[in-house]
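As given, the protein sequences belong to chains A, B, C, D, E and F, one line each in that order. No gaps in the numbering here: position 45 of the first sequence is 43 in our numbering, and each next residue is one more. No gaps in the numbering here: position 116 of the second sequence is 114 in our numbering, and each next residue is one more. No gaps in the numbering here: position 192 of the third sequence is 190 in our numbering, and each next residue is one more. No gaps in the numbering here: position 51 of the fourth sequence is 49 in our numbering, and each next residue is one more. No gaps in the numbering here: position 128 of the fifth sequence is 126 in our numbering, and each next residue is one more. No gaps in the numbering here: position 138 of the sixth sequence is 136 in our numbering, and each next residue is one more. Don't be surprised by glycine CBs; every beta carbon is placed ideally from N, CA and C. From a predicted model like this one, the values you see are computed outputs, not experimental measurements. Working notes, beginning with the structure itself.
Number of protein chains: 6
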Amino acid sequence: MKPNRTLLDLFLEIQRLDRLPRAGFVLRGVSDPESVTEHTWHVLFLVWTLGQRIEEIDVGRAIEIALVHDLAELRIGDLPATSSHYFPEGAKKAAEAAALADVLAPLSERVLRLYDEYQRGASPEARLVKACDKFQLMLKVMVYESWGTGALAEFWDNPDNFPDGGFPLLLDLFEELRARHDAEVRKATVAEMRGDPLFP
Amino acid sequence: MKPNRTLLDLFLEIQRLDRLPRAGFVLRGVSDPESVTEHTWHVLFLVWTLGQRIEEIDVGRAIEIALVHDLAELRIGDLPATSSHYFPEGAKKAAEAAALADVLAPLSERVLRLYDEYQRGASPEARLVKACDKFQLMLKVMVYESWGTGALAEFWDNPDNFPDGGFPLLLDLFEELRARHDAEVRKATVAEMRGDPLFP
Amino acid sequence: MKPNRTLLDLFLEIQRLDRLPRAGFVLRGVSDPESVTEHTWHVLFLVWTLGQRIEEIDVGRAIEIALVHDLAELRIGDLPATSSHYFPEGAKKAAEAAALADVLAPLSERVLRLYDEYQRGASPEARLVKACDKFQLMLKVMVYESWGTGALAEFWDNPDNFPDGGFPLLLDLFEELRARHDAEVRKATVAEMRGDPLFP
Amino acid sequence: MKPNRTLLDLFLEIQRLDRLPRAGFVLRGVSDPESVTEHTWHVLFLVWTLGQRIEEIDVGRAIEIALVHDLAELRIGDLPATSSHYFPEGAKKAAEAAALADVLAPLSERVLRLYDEYQRGASPEARLVKACDKFQLMLKVMVYESWGTGALAEFWDNPDNFPDGGFPLLLDLFEELRARHDAEVRKATVAEMRGDPLFP
Amino acid sequence: MKPNRTLLDLFLEIQRLDRLPRAGFVLRGVSDPESVTEHTWHVLFLVWTLGQRIEEIDVGRAIEIALVHDLAELRIGDLPATSSHYFPEGAKKAAEAAALADVLAPLSERVLRLYDEYQRGASPEARLVKACDKFQLMLKVMVYESWGTGALAEFWDNPDNFPDGGFPLLLDLFEELRARHDAEVRKATVAEMRGDPLFP
Amino acid sequence: MKPNRTLLDLFLEIQRLDRLPRAGFVLRGVSDPESVTEHTWHVLFLVWTLGQRIEEIDVGRAIEIALVHDLAELRIGDLPATSSHYFPEGAKKAAEAAALADVLAPLSERVLRLYDEYQRGASPEARLVKACDKFQLMLKVMVYESWGTGALAEFWDNPDNFPDGGFPLLLDLFEELRARHDAEVRKATVAEMRGDPLFP
């Protein structure tokens, strides 16, 4: 597969991103899990909403990073997290950067520099996108658990899924999410023990 | 989109009803939820079975109402219940009546009068179809909960989902359904507390 | 359904947008059609890419409009285009504005003013988002046709699907897309007539 | 599996019919094919619409036959047409009658006699349901072909799929359907040969 | 449908096996359940792995039986277990043997003799495949339960699902599986009662 | 993710392979494409059938290679073919070997040596599995094209998809498949040009 030649090539290729389901959910049995496109939109929405509330963030730059942060998957696929374990250090990152350059060839080089910044976590904006990338993951885990789909409990036990990027706002939101999750669990348990008309 | 011109136009258009999933289930995360067609068939089956057991019901008329009661969705879509909140009083009903008239244009006007009767709840048959419309909803909620799909607990708490239409037979059936539901919950809870080989 | 109270409520609610398939594709038989979330992301990507190439566009503002332009569907549903025909003039727009206000209650009022601007097409940014909304539609039609899914030919005959918003860049892109589409059709036909190893 | 004991048992069991896809479409590669429930509803709608236009038909009886004509599949499954070839003469019919009796145990025996009448084609109503059963099949084939899904051409070549049951109305409708089908094919071919913007 | 004439006919026909979902899971509400092809592969893997550890087993023969043991379903369909109840004694087995003969017509007769051996349980290899057929069922039940999909509890209560075929190795594995299942249930229950961040 | 500790761990993990769709089909828009498990079963069936007809093949060994040849994807994912372009030479093969070792840890080392043989194409059995791996791909392409799903024409133009492994039997089968494909295309074209009742 070649670098895209025109904007139209690029626009047509990215339509396919919708067919890539997120591997972490697929392998844990979630039915009809979100696509990479859907994940990316939600991250973008978070970055836009939260970026405005954090002084050191240039929202426009953060949005640009969020927009492209997963586009390499069009050519690499959405590798499960376990895959990193089996590739040589840095191989995945290098592959992603090269694939992204081919996908985005009709755009200016500036966006590839932003992506490099993202991979290295080299700016507040990069760190915010990374934090929102995981925050969106846990929001979706919360939703899927309430829908009863997938074996997702382990996500709550993995500290890597709760990176606040040094932003107190993110720290608060992660805590609020976890508190709400714990409350839901407790409510469900008590309801069941009472025989309340609430299904497990 | 125009009124259907011939019977064949009508028959072809209604085949598409199968692709419309029921919005209430979609938005609560049910995987592969029933279509509007499937809902309609089940309502019809209930109306036929129960109508024979209720003296004041003309089963033939009730069946005709049930057959067409959701066909407007072919052109309006299956709006989630929340949508009513945002449209002006009566706008949705008027839109449905107009859409149904276009869909069923090759049939006699009599069926539109039956639909108007249904919207106004103006006869025992209309009330029976309305009651069965909700009874079928709760039957499906019961089944989906046993399958573990969707966040459906709130349906049991909404009194609007238990309209008996003034028919003791429906009242009994709603109560029997709720009792069975509560028993299932209690059985599951006790089994879990004992460590029985029954999954939550 | 109430206005969202906190940011977290909002973030959790919008995860559900992924389950709303685009009605126009559903009713024309596309298998596994894009969700509203996916549509929204693609519009955003177009707005970002093209906005930078058009002098009078404030890209940041255009992106904000694109981000929220379809969120009302969380509460209204994705009504098929035919539905407009059956609702009173303006009823759908008013409902969408009210629903959006409830969804986005935890955000500032500024975003609702942007949405109003969008509905009225009252700024270059609003017109760009509207143009990209349709351009994305036709990109997806092109892709689905190449995949052989859905009865989509009528989309190419509807002039409403080709609004350039007064931007020459969009006009060019629509023409390029249509030219590529025609070329694909011609290539397929010639190949078939020759008996080339290319399937219809 | 036992005969259903109560009406509620019956109502809950039939909800599952929605998960049974029609085997003939599954094995020919149709994506997301209609369920047995959906098929049954469409047959019912045809029987109701057409029955009113045929003098010798008692519509109420015909509707009752249509309502139950495929319910045995809840316990037997939807066997592909090829299966008949491998079972002893009559084994499938006997199995279906026995299964239906268990499913419908809470109803009166009258409905089993109607089903027997249907299997033997022993009345005008039985013949009408049989004719509509195939007419609906061909309507759906027509729709799926326009959507580009499945390898369905052989259906048009099988005379068993065009039984008019001796009713001129059905004969006309089958002919109208075939004529429309042929016209669509011809239109598509000419469009392609001209290079018109219509995809194969 | 005729006997396959060439190897290529056979190879093309069996590709369709992927579209046949396993009826037992479909009717119990599992979302996106395994296909007959997938079931067959897993049985094969078990037979290969375990056969090597059992002295009296000729692994090559056992693999051949496993490879073909469900291919009759291409023409008969995957009948739900309840169907046996309604067909005359032996009708299903005879139908399967006849269908398999047609599917595998281009292969040697030897494989049909192996299938007959399987149906009669007439050799250690036949018994091993039968034991693995059920062991795979229970492995999948375990996985689906952990994913929260389907109403599968009854499978654990049916002794027919735990046939060890007289092989101590299988007996041990069935017991290990059941023990792990019970431990999971107990862990989930205790976690809930403590209000641990583990969802029901 | 760790190496599997027991046979039961291994058996449970491989059940998940069913949820991995084949990336090449996903990205070309095939609806509900085959899973990696399904692919593997079909390769196995081909290896078994064809291996018996080729003198130099030890069928038992070839089957063992086929059984495990794609199991690394459980941890690496099914990377699209384009991904190879972006990883350093050999990185993917090394990752696959390491992942397979972890998946199959409870089995003997012999199977890893067979896999290494497969990756290097170092034996007639390895070459047969590789040839069948592609032959199955083209069989499925043929079937999907007849079902009208996916943009698959390019597969027929890629010589890498037609490796005969030096076996005349495979060469013949590839040619027979291509001839049948060309004949289908020609038949469809002629039918359309005549306006025959066969849909494009």
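Residue closest to residue i, alpha-carbon to alpha-carbon, out of the options
{"i": "residue 65 (chain E)", "options": "E:45, E:93 and E:29", "result": "E:45"}
{"i": "residue 142 (chain D)", "options": "C:29, C:10 and C:8", "result": "C:29"}
{"i": "residue 185 (chain F)", "options": "D:151, D:31 and D:175", "result": "D:151"}
{"i": "residue 164 (chain D)", "options": "D:120, D:147 and D:104", "result": "D:120"}
{"i": "residue 67 (chain F)", "options": "F:27, F:12 and F:22", "result": "F:12"}
{"i": "residue 167 (chain A)", "options": "C:5, C:23 and C:139", "result": "C:5"}
{"i": "residue 25 (chain B)", "options": "A:60, A:144, A:159 and A:162", "result": "A:144"}
{"i": "residue 7 (chain D)", "options": "B:33, B:74, B:69 and B:140", "result": "B:140"}
{"i": "residue 75 (chain D)", "options": "E:172, E:40, E:134 and E:20", "result": "E:20"}
{"i": "residue 118 (chain E)", "options": "E:63, E:56 and E:55", "result": "E:63"}
{"i": "residue 39 (chain E)", "options": "F:69, F:135, F:105 and F:48", "result": "F:69"}
{"i": "residue 61 (chain B)", "options": "B:71, B:126 and B:147", "result": "B:126"}
{"i": "residue 159 (chain A)", "options": "A:122, A:138, A:27 and A:124", "result": "A:138"}
{"i": "residue 115 (chain A)", "options": "A:1, A:105 and A:91", "result": "A:91"}
{"i": "residue 157 (chain C)", "options": "C:148, C:149 and C:136", "result": "C:136"}
{"i": "residue 153 (chain A)", "options": "A:100, A:98 and A:22", "result": "A:22"}
{"i": "residue 0 (chain F)", "options": "F:103, F:113, F:172 and F:123", "result": "F:103"}
{"i": "residue 146 (chain B)", "options": "B:3, B:9 and B:27", "result": "B:27"}
{"i": "residue 52 (chain D)", "options": "D:73, D:180, D:162 and D:106", "result": "D:162"}
{"i": "residue 71 (chain F)", "options": "A:79, A:73 and A:72", "result": "A:79"}
{"i": "residue 96 (chain F)", "options": "F:41, F:77 and F:73", "result": "F:73"}
Span of the alpha helix (DSSP H) around residue i
{"i": "residue 28 (chain D)", "result": "No alpha helix (DSSP H) holds residue 28 (chain D); DSSP gives it neither H nor E."}
{"i": "residue 140 (chain C)", "result": "122 to 145"}
{"i": "residue 85 (chain B)", "result": "That residue, residue 85 (chain B), is in no alpha helix (DSSP H); it is neither H nor E in DSSP."}
{"i": "residue 58 (chain C)", "result": "57 to 66"}
{"i": "residue 52 (chain B)", "result": "It is not in any alpha helix (DSSP H) - residue 52 (chain B) carries neither H nor E in the DSSP assignment."}
{"i": "residue 71 (chain B)", "result": "71 to 74"}
{"i": "residue 13 (chain D)", "result": "Careful: residue 13 (chain D) lies outside any alpha helix (DSSP H) and carries neither H nor E."}
{"i": "residue 108 (chain B)", "result": "108 to 118"}
{"i": "residue 151 (chain C)", "result": "151 to 155"}
Where residue i falls, given that 16 or more other Cβ within 10 Å makes a residue buried
{"i": "residue 35 (chain B)", "result": "buried"}
{"i": "residue 183 (chain D)", "result": "buried"}
{"i": "residue 155 (chain A)", "result": "exposed"}
{"i": "residue 50 (chain E)", "result": "exposed"}
{"i": "residue 86 (chain A)", "result": "exposed"}
{"i": "residue 131 (chain E)", "result": "buried"}
{"i": "residue 199 (chain C)", "result": "Since the first residue of chain C shown is -1 and the last is 198, residue 199 (chain C) is not available in this structure."}
{"i": "residue 170 (chain E)", "result": "exposed"}
{"i": "residue 33 (chain A)", "result": "buried"}
{"i": "residue 16 (chain E)", "result": "buried"}
{"i": "residue 177 (chain A)", "result": "exposed"}
{"i": "residue 88 (chain A)", "result": "exposed"}
{"i": "residue 174 (chain A)", "result": "exposed"}
{"i": "residue 54 (chain B)", "result": "exposed"}
Those residues which DSSP pairs with residue i across a bridge
{"i": "residue 19 (chain E)", "result": "E:33"}
heavy atom of the ligand SAM below 7 Å from residue i C-beta
{"i": "residue 120 (chain C)", "result": "As presented, the structure is devoid of all ligands, the ligand SAM included, so that no description of it is given."}
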